[in-house]
Amino acid sequence: MSNKMDSWRSQAKEFEPVLRTVGLFARLTFKTISFPQISERLNIDRIKVLDAACGSGVITFEAREICNESFDFVATDFSDAYIQTVNEKINKEDIKNVKAEVMDATDMSSIPSDTFDYIFCQFGVMFFSEPKKFFTEAARVLKPGGMLIVSTWRHNDLAKVTKAAADLTVGSSSSTPPPKKDLLNFTDPDVLVRIATEVGLKDAISQELTPGHKCNVGEPKPLIDFFYDNPVVQKLISGMDESSKLKYKDNAMDLIQVMLNEQGEVELTMIANLLTAIKP
Ligand SMILES: C[S@@+](CC[C@H](N)C(=O)[O-])C[C@H]1O[C@@H](n2cnc3c(N)ncnc32)[C@H](O)[C@@H]1O
């Protein structure tokens, strides 16, 4: 397993508050698109759902809670460690209608065209090196009439800290290469709509998704550790020399300290873009 993939897994169990928030977004997504009731329009016996970049399987397992046995789920991620986590749950609970596979979301060549009724990709596309390829592939493997559902961050305080700390660090050392801005892509809802339309999907709309609450993450220390070990941050600082990396961590800590509330906890505001589009 490559370090890149492994670093995603190390996040999985260590930061429950953020994971809980991700579950909250999954449930809000289903409510917003009326899933699974919306599937009544399909008029078929079995409904096939792909969860691309599934991580620990939040979308799949939250969806299973509200879907009947006529749904089949395929959960894919390029991290075999995450797929192992999903498989452990499948085996432990003897789940019959979920399969988990290691797969790069930008290369689904092992999946025949016109396979899925729904493709979900929650908080994944911003990490793909070639995000448009995912949209092209999704448009191919969706059945005609099938729906693509993609969420990205419109606003995420952690992402803001990531960028602000990088900007501060770059300002502090002229030898530090500029941060890779692509990590914060897809905050603009219009970009999602444009790409979905370009790959031939119709009725593309992007709406704001906010659980109307702040994610309260308790003590700052675990947050800072989580923050620094996060693969997004590691990718961002990968081009920096060692002293700049330390400076980056200090800058991030200072910014997180500023976010402490009176109870000594950090509240993170998180707002998502939810894109839906249909294969003609
Ligand atoms: C922020 S996590 C989101 C996980 C999950 N969808 C959720 O909502 O909790 C991003 C995920 O994207 C996966 N990932 C990144 N690049 C990928 C790619 N090219 N193909 C498949 N998965 C990828 C990572 O392994 C990680 O599990």
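Going left to right, the sequence shown walks through residues 1313 to 1592 as the numbering used here numbers them.
Don't be surprised by glycine CBs; every beta carbon is placed ideally from N, CA and C.
Any non-hydrogen atom of ligand 1 within 7 Å of residue i CB
i: Gln1396; result: no
i: Ser1391; result: yes
i: Cys1366; result: yes
i: Gln1546; result: no
i: Ile1371; result: yes
i: Thr1418; result: yes
i: Gly1436; result: yes
i: Phe1347; result: no
Rounded straight-line distance, which links the Cα of residue j to that of residue i
i: Lys1445; j: Thr1418; result: 5 Å
i: Glu1374; j: Ser1555; result: 42 Å
i: Glu1520; j: Thr1397; result: 30 Å
i: Ile1407; j: Thr1481; result: 47 Å
i: Asn1585; j: Phe1342; result: 14 Å
i: Lys1360; j: Ala1338; result: 18 Å
i: Ala1364; j: Ile1350; result: 20 Å
i: Phe1385; j: Cys1366; result: 11 Å
Selection from the options that minimises the alpha carbon distance to residue i
i: Leu1567; options: Met1552, Lys1547, Asp1502 and Tyr1540; result: Tyr1540
i: Asp1502; options: Ala1589, Glu1405 and Ile1395; result: Ala1589
i: Met1438; options: Met1420, Lys1559 and Asp1500; result: Asp1500
i: Asn1409; options: Ser1421, Arg1376 and Phe1440; result: Arg1376
i: Asn1563; options: Ile1536, Gly1512, Phe1498 and Glu1579; result: Ile1536
Residues sharing a beta bridge with residue i, DSSP
i: Ser1550; result: The partner list for Ser1550 (beta bridge, DSSP) is empty, contrary to what the question assumes.
i: Glu1593; result: Since the first residue shown for the chain is 1313 and the last is 1592, residue 1593 is missing from the structure and cannot be characterised.
i: Tyr1394; result: Per DSSP, none; premise fails for Tyr1394.
i: Ile1359; result: Phe1383
Closer than 8 Å to chain E by CB, residue i
i: Met1438; result: The structure shown contains no chain E; it holds only a single protein chain.
For the structure I just gave you, are there three or more beta carbon pairs, one from the region 1381-1396 and one from the region 1470-1485, closer than 8 Å? No, the region 1381-1396 does not touch the region 1470-1485.
Any contact of the region 1451-1465 with the region 1424-1443, i.e. 3+ C-beta pairs under 8 Å? Result yes; three or more Cβ-Cβ pairs closer than 8 Å.
If we count Cβ pairs, one from each stretch, closer than 8 Å, do we get three or more for the region 1449-1458 versus the region 1575-1582? Taking a cut-off of 8 Å on C-beta distances, the region 1449-1458 does not touch the region 1575-1582, as fewer than three cross pairs fall below it.
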